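Asker:
2 protein chains.
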Amino acid sequence: MATSSQPRFQFRLRVYRDGGIAIGPGKIALLEAILQAGSITAAAQQMGMSYRRAWLLIDELNRALREPAVESAVGGARGGGTVVTEAGKELIRLYRGIEATAHAAAADDIAAMTRMLAD
Amino acid sequence: MATSSQPRFQFRLRVYRDGGIAIGPGKIALLEAILQAGSITAAAQQMGMSYRRAWLLIDELNRALREPAVESAVGGARGGGTVVTEAGKELIRLYRGIEATAHAAAADDIAAMTRMLAD
C-alpha cells in the first residue's frame with residue numbers, strides 16, 4: 197500500500213498595504229536572488245520571470261519602504277549594476293527571521309496537527 | 197499629501213503533502229463557514245464558491261486526516277445535514293492557534309519591519 201510523503205509546513209508572511217502586498221514571499225525571494233546573482237536580469241532569469249516583471253516588483257518594494265532595498269535598478273545611475281542595500285539585507289534578515297520564529301514558537305501545535313494527518 | 201493606510205501583517209500556514217495542499221487557509225475558512233452555517237450548501241454560497249468546489253475541498257481535507265473533519269457531507273447518511281466533527285473543531289482551533297502564536301512570537305521583528313515601511 198502506498199504511504200503518503202512526510203508533510204511539510206510552510207508559513208508565509210505577507211504585509212498588505214493600500215490594497216496590495218507591500219512585502220511578500222515573491223518579493224523577498226527575488227531580493228535574495230538579486231543579492232546572489234548580482235543583477236535583476238540574472239535574478240529574473242533564475243526565477244523564470246521576465247525582466248520587466250522583476251523590475252516592477254522591485255520598484256513596488258522600493259516605494260513601500262522608507263529606504264530602497266535595491267539601488268541603481270530603479271535609478272539606473274551605475275549603468276547596469278544592481279546593489280541590494282543594507283536596508284534590503286535587513287529586510288531579508290527580518291523576514292526570514294520572522295518565519296523561523298513563527299515555526300519555532302508554534303512547534304507544539306504543529307506537531308499536534310501532524311498527528312491529525314492520515315498515514 | 198495622501199498617506200498610506202496602516203499595514204496589515206498576515207501569516208498563512210499551509211501543510212503540503214504528496215504535491216498538494218493538505219491543509220491551508222481556504223479549507224480552514226470553509227470549515228469555519230460550515231460550522232457556522234450548518235451545511236456545505238450555505239457555506240459555499242457564503243464563500244462565493246460552487247457546491248461542487250466546496251465538496252471537493254472537504255473531501256480532500258477528510259482524506260488528508262486520520263479522522264474526518266466533516267461528516268455526512270461525504271457519507272451522506274443523514275440526508276443533507278453536515279456536521280463538523282470534534283476532529284474538525286480541533287483542527288480549526290490548532291490552525292488559528294498556530295497563526296496567533298506565530299504573530300505573538302514574531303511581534304518584535306514585525307514591529308521592526310513596520311518601521312522600515314514608508315509613511
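One line per chain: the protein sequences are A and B, in this order. Note that this note's numbering gives residue 266 to position 70 of the first sequence, counting from 1, and the numbers run on in steps of one. Note that this note's numbering gives residue 215 to position 19 of the second sequence, counting from 1, and the numbers run on in steps of one. The beta-carbon is built from N, C-alpha and C at its ideal position, and this holds for glycine as well. None of the values given here were measured: they were computed from a predicted structure.
1. Beta carbon of B:L231: closer than 7 Å to some heavy atom of the ligand ATP?
2. Is there a C-beta anywhere in chain A that falls below 8 Å from the one on B:L261?
3. Run down chain A in chain order and give the residues with a C-beta less than 8 Å from the C-beta of B:I306.
4. At 8 Å on the CB atoms, spell out the chain A contacts of B:D214, in chain order.
5. Is the stretch 284 to 299 of chain A touching the stretch 225 to 244 of chain B in the sense that three or more CB pairs, one from each, lie closer than 8 Å?
6. Excluding sequence positions up to five away, which residues of its chain have a Cβ less than 7 Å from the Cβ of B:Y247?
7. Going by DSSP in three states, A:Q202 sits in which element: helix, strand or coil?
8. Kindly indicate the opening and closing residues of the beta strand (DSSP E) around B:G284.
9. Where does the unbroken beta strand (DSSP E) through A:G222 begin, and where does it stop?
10. Relative to the C-alpha of B:G216, which candidate in A:A218, A:A229 and A:S201 has its C-alpha closest?
11. A:A314 and A:L287: beta carbons closer than 8 Å?
12. Could you please give the first and the last residue of the uninterrupted alpha helix (DSSP H) stretch that includes A:A239?
13. How would you write the range of the alpha helix (DSSP H) that A:E256 sits in, first residue to last?
14. Determine, for A:A329, whether the minimum Cβ-Cβ distance to residues of chain B falls below 8 Å.
15. Going by alpha carbons, who is nearest to A:T278 out of A:K285, A:G284 and A:S268?
16. Any idea what DSSP makes of A:A265, helix, strand or coil?
17. When the Cα of A:E256 is compared with those of A:K223, A:G284, A:I230 and A:E282, which residue comes out closest?
18. Helix, strand or coil, according to DSSP, for B:A218 in the structure here?
19. Which same chain residues, not among the five before or five after B:L253, have their C-beta less than 6 Å away from its C-beta?
20. Any beta-carbon of chain A closer than 8 Å to the one on B:T297?
21. Let's test the definition: count the other Cβ atoms within 10 Å of the Cβ of B:D305 and tell me whether it reaches 16, buried, or not, exposed.
22. Are any of the Cβ atoms in chain A nearer than 8 Å to that of B:L231?
Answerer: Judging by the given coordinates:
1. What this structure holds is no ligand at all, so the ligand ATP is not there to describe.
2. yes
3. I294
4. Listed along the chain, the chain A residues whose CB falls inside 8 Å of the CB of B:D214 are S200 and S201.
5. Counting C-beta pairs with one atom in each stretch, the stretch 225 to 244 of chain B and the stretch 284 to 299 of chain A have fewer than three that are closer than 8 Å, which means they do not touch.
6. I236, T237 and A240
7. coil
8. Where B:G284 is concerned, there is no enclosing beta strand (DSSP E), although the alpha helix (DSSP H) it sits in stretches over E282 to A301.
9. Looking at the DSSP string, A:G222 is not in any beta strand (DSSP E); the run it does join, the alpha helix (DSSP H), is P221 to A233.
10. A:S201
11. no
12. I236 to Q242
13. First-last of the alpha helix (DSSP H) with A:E256: Y247 to A260.
14. There is no way to answer for residue 329 of chain A, as the model of chain A reaches only from 197 to 315.
15. A:S268
16. In the three-state reduction of the DSSP assignment, A:A265 falls in the coil class.
17. A:K223
18. strand
19. Excluding residues within five positions, the ones whose Cβ falls inside 6 Å are K223 and L226.
20. yes
21. For B:D305, the number of other beta carbons within 10 angstroms of its own is at least 16, and it is reported as buried.
22. no
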